[in-house]
Amino acid sequence: MSLQINETYDPRKVEKEAQSFWSSAGTFVTNEDSPGDKFYALCMFPYPSGNIHMGHVRNYSIGDAVVRFQKMRGKNVLQPMGWDAFGLPAENAAIKNDTHPAVWTYKNMDNMRNQLKQMGYGYDWNREISTCTPDYYRWEQWLFIKLFKKGLAYKKKSLVNWDPVDQTVLANEQVINGRGWRSDAIVEKKEISQWFLKITAYADELLSGLDTLNDWPSQVKTMQKNWIGKSEGALISFKVTDAESSVEVFTSRPDTVFGCTFVAISPDHPISINLSEHDRDIKYFIDKCNKTSTAEADIAALPKEGLFTNLYAINPINNESVPVWIANYVLSSYGTGAIMGVPAHDERDYEFAARYDLPVKQVVSPNKPQQLIDQPANNVYSDYGTLLNSEFLNGLESKEAGKVIIERLVAMNAGSSKIQYRLRDWGISRQRYWGAPIPIIYCEECGIVPVPEKDLPVVLPENFDFSEKTNVLKNLPDFYNVDCPCCGKKAVRETDTFDTFVESSWYSARFTCADNTNEMLDERADYWSPVDLYIGGIEHAILHLLYARFFHKVMRDEGLMKSDEPFIKLFTQGMVLKDGAKMSKSKGNVVNPQNYIDTYGADTLRLFMMFAAPPEQQLEWSDSGVDGAHRFIKRLWNTIYRHSEVFSSSHDVVIQKYTSDQQVLRRKLHETLLKVTEVMEVKFSFNTAIAAVMELLNAYNKFNIVDEKDRIVCQEVLEKIVIMLSPIIPHVTHVLWFALGQKKPLINEPWPEVDESALHQEIVTIAVQVNGKFRAEYSIKVGTTGDILTEQLLNLKEVKRHITGRDIKHTIIIPDKLVNFVTS
Ligand code: ANZ
Ligand code: ZN
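Just remember that the working numbering sits 239 ahead of the position in the sequence shown, which is counted from 1.
Printed below as a string of structure tokens:
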């Protein structure tokens, strides 16, 4: 009856069979008119570095388990896959291996696609995206031009972290201890003209939107919130004496304005730059500051240092004149690049004042108004409190005092309230070759001219000898020489390329309609978006997710999509470690998935990954763990093999009543099913689900098989074990399902419902005796005893007949087995 399986488990054969079935049946090819609610699951797409690594295996095994489960639940699932294919490593590898970044990248994609297929992930390969193809990046060029026309993309000169070895601009996060993250070269500061996207225009929405993301880890939301860094305070204008100018400061504590004993400006504040032209000491100091990294954390760690400018500024609130200093801890990129120094209430100002002997004046006290005392001068009190030494503010509470000050400033035209964000606009220019060209033309007559829509895409040239270390587009006249689209005169193209974060900011939307050659997005984007489940590493908690949320809102505002957020649920999986350290090439502790696919098969690797640790936690690689996973699959195989040899479904035995042994096993089965269902749906603690199924298999193996009815129960248990494991080990279960006599493929099977009666109403049949003689059989819920039990039994007519007219002296109860009424 059942499809024969071999006695021994051969993963290679099994996996080939399952994979070719899914691919020829088009199991994971998705379309929009299939029945069921849509379920869009996405794992962060890989950089095509050469081979898949264990981090990918873990991430994608989780995603695939959920997708297969949701499919069996009747959802219309989409699970796409693609390549984050632009980026610097391709250039470095190309130089090293004397090849071309394009050649290297496409070769890697082919290899890794093949590996992902060997893992059996249920991707809709029809929607594959490679971000380095013009089909893809033409749409971000198109969107960029829209943003340019709206003022949301602009060019400005800015000070950047310059990596002199990689010859590129680095983001602050790419500067580690003052050195480039890849080259390890000491990073310099350089002012260059760059393109920016105005993400700050969305700062407020990016912040408030976090409140709607109930299925995101709160840790990620906090990181985003801090990154956006909303701060409420005031701008205060200080007139500079002996100069026409004034210095505007941003403060989050306008209540402390009477405590201001100096003003400090950043080394690249216009006043500093101005002064440096005639003052060598200042120039020297500024140059020194420019040698350090711009990363805030690095600056915060530096000893506070400064230089007096010989200028004084007038505090508009009390007309006091205070010295103006240039200070290394004042960031040029935050607020106004200038501060009012309040050493009594700000740690940094205190450290600075102590070093240069500047006065410390306390104006806020932790105490109630009645007991104001001066603070010792070496104790910085930075909390809110009650005002003192502040004339008309004395006795007020900080918040209230701040409001009063802002009112005054506004009335005096010397300041205003201000909401300040830490978030900066996103610099997207990269002086690199292997990226999407920025679609801009520079004309001497017309200035900055966007490439007309009809001329898109601006294709990145690939057909040339790649060997230069500098931005090769600058060396390709065929690329950059162009006629101005406005006036027709000779003009030049922009030779910078987009930051690769641009590509990954909208790929989730593009997967919904990857084949559309006429539009960036179409109505399918609204059908599938937002992504129901997004899975990836915590290292992308800030930038990638923030940029993706920003792009989603931008696309919405362009009328391309309706939803407000790209990802409903975010799941961040833990790292894979070897000997306690993150697997990495530099540490030489990388374990290659391919070796395990070849020796044990993909199912073993998947099972190990899902079983060895809770998915959000770190997972320690263990060869013996892999062995254990493999042994379990073999045990399952043997169990089903033995069962299928003897079980015949061609009988007409019907079970009217389960024996108590059968009930115990069925209860275990349905408890397990309940648990696994919950895990797959919400909890994601796959390791506990697998453990529960393993326990169930143990219980099964202890089950005493007597007759055909027992075998029917066995069949039910084995079928459901196979179903429950199928999202995790899809190949072997695909084959075992047929071995259990099934005709339809497992992946098309609906996920089974829990049999509530098996859970709750476990029934036992009790023998009822009167004076030791069997009189009746009675079925009742397990564990029923006492009066509840005896009252029911005394109502049985066989019992009644034998006890009428007698007194019951006592009752013997053996729970769940027997009741004996002893009469006089
Ligand atoms: C006076 C003051 C008194 C301040 C006090 C703090 C405490 P957040 O909350 O992060 O927005 N600040 C402003 N611009 C700065 C810059 N460019 N570089 C370095 N520091 C800067 O921080 C705002 C506070 O950071 C501002 O409020 C200012 O110091 C400082 F008891 O002004 B405060
Ligand atoms: Zn022109």
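Just so you know, even glycine gets a beta-carbon here, dropped at the ideal spot from N, CA and C. Computed from a prediction, not measured in an experiment: that's the story for all the values here.
Buried or exposed: residue i, going by 16 or more other Cβ atoms within 10 Å of its Cβ?
i, result
"Glu-271", "exposed"
"Glu-254", "buried"
"Lys-983", "exposed"
"Met-240", "Because the pLDDT of Met-240 is 42, which lies under 50, any placement of that residue in the model is unreliable, and the question is left without a value."
"Gln-258", "buried"
"Lys-188", "An answer regarding residue 188 cannot be provided, because it is not within the stretch 240 to 1063 covered by the chain."
"Val-649", "exposed"
"Gln-243", "exposed"
"Arg-788", "buried"
"Tyr-182", "Lying outside 240 to 1063, the shown extent of the chain, residue 182 is not represented and no answer is given."
"Arg-307", "buried"
"His-970", "buried"
"Thr-498", "Correcting the residue type first, residue 498 is Gly in the shown sequence and not Thr. That one is buried."
"Val-316", "buried"
"Ile-658", "exposed"
"Ser-560", "exposed"
"Asn-465", "exposed"
"His-292", "buried"
"Val-921", "exposed"
"Gly-654", "buried"
"Arg-1040", "exposed"
"Ala-442", "buried"
"Met-1064", "For the chain, the structure presents residues 240 to 1063; residue 1064 sits outside this window and is missing."
Relative to the alpha-carbon of residue i, which residue among the options has its alpha-carbon at the smallest distance?
i, options, result
"Glu-246", "Arg-587, Leu-391, Ser-457, Ile-879", "Ile-879"
"Pro-716", "Cys-723, Thr-734, Ser-447, Ser-637", "Thr-734"
"Ile-774", "Ile-807, Thr-756, Glu-742, Ala-748", "Ile-807"
"Val-296", "Glu-988, Lys-1056, Val-815", "Val-815"
"Phe-923", "Thr-269, Gly-289, Pro-274, Asn-298", "Asn-298"
"Gly-867", "Met-933, Val-793, Glu-804", "Met-933"
"Thr-916", "Ala-304, Lys-252, Ile-1027", "Ala-304"
"Ala-931", "Thr-1023, Thr-911, Pro-373, Tyr-766", "Thr-911"
"Glu-379", "Ile-929, His-584, Glu-1037, Phe-740", "Phe-740"
"Trp-673", "Gln-243, Lys-314, Trp-665, Leu-699", "Leu-699"
"Val-731", "Asp-946, Leu-809, Cys-723", "Cys-723"
"Ile-431", "Leu-446, Thr-269, Ile-425, Val-408", "Val-408"
"Asp-803", "Ser-511, Tyr-839, Ala-482, Ala-764", "Ala-764"
"Val-993", "Ser-965, His-909, Ala-753, Phe-810", "His-909"
"Phe-790", "Gln-902, Ser-743, Pro-689, Glu-639", "Ser-743"
"Ile-1019", "Trp-261, Lys-941, Thr-898", "Thr-898"
"Met-822", "Tyr-839, Phe-847, Leu-858, Phe-489", "Leu-858"
"Lys-396", "Phe-886, Ser-668, Asn-757, Asn-336", "Ser-668"
If you follow the alpha helix (DSSP H) that residue i is part of, which residue opens it and which one closes it?
i, result
"Asn-353", "340-357"
"Asp-1026", "1025-1033"
"Val-915", "899-917"
"Ser-511", "509-515"
"Ile-894", "Counting along the chain, Ile-894 falls outside any alpha helix (DSSP H), and DSSP gives it neither H nor E."
"Asn-937", "925-941"
"Thr-843", "841-850"
"Gly-641", "637-651"
Under DSSP, the beta strand (DSSP E) around residue i begins and ends at which residues?
i, result
"Gly-545", "545-553"
"Gly-1044", "Neither: Gly-1044 is in no beta strand (DSSP E) and is coded neither H nor E."
"Ile-282", "Looking at the sequence shown, residue 282 is not Ile but Cys. Looking at the DSSP string, the run of the beta strand (DSSP E) that includes Cys-282 is 277-282."
"Asn-315", "315-317"
"Trp-564", "560-566"
Going by DSSP, what residues sit across from residue i in a beta bridge?
i, result
"Met-579", "Val-502"
"Ser-397", "Ile-431"
"Gln-1008", "Phe-1013, Asn-1059"
"Leu-772", "Ala-280, Lys-808"
"Leu-858", "Val-815"
"Trp-990", "According to DSSP, Trp-990 bridges with nothing at all."
"His-1049", "Val-1061"
"Ala-473", "Thr-490, Ser-656"
"Tyr-681", "Ile-687, Val-731"
Can you find a CB in chain B that lies within less than 8 Å of the CB of residue i?
i, result
"Glu-487", "Any reference to chain B falls outside this structure, which holds one protein chain only."
At a cut-off of 7 Å, would you count residue i as near the ligand NAD, judging by its Cβ distance to the nearest heavy atom?
i, result
"Thr-495", "No copy of the ligand NAD appears in this structure; the ligands present are the ligand ANZ and the ligand ZN."
So which residues put a beta carbon under 5 Å from any heavy atom of the ligand ZN, going in chain order? Cys-682, Glu-684, Cys-685, Cys-723, Cys-725, Cys-726
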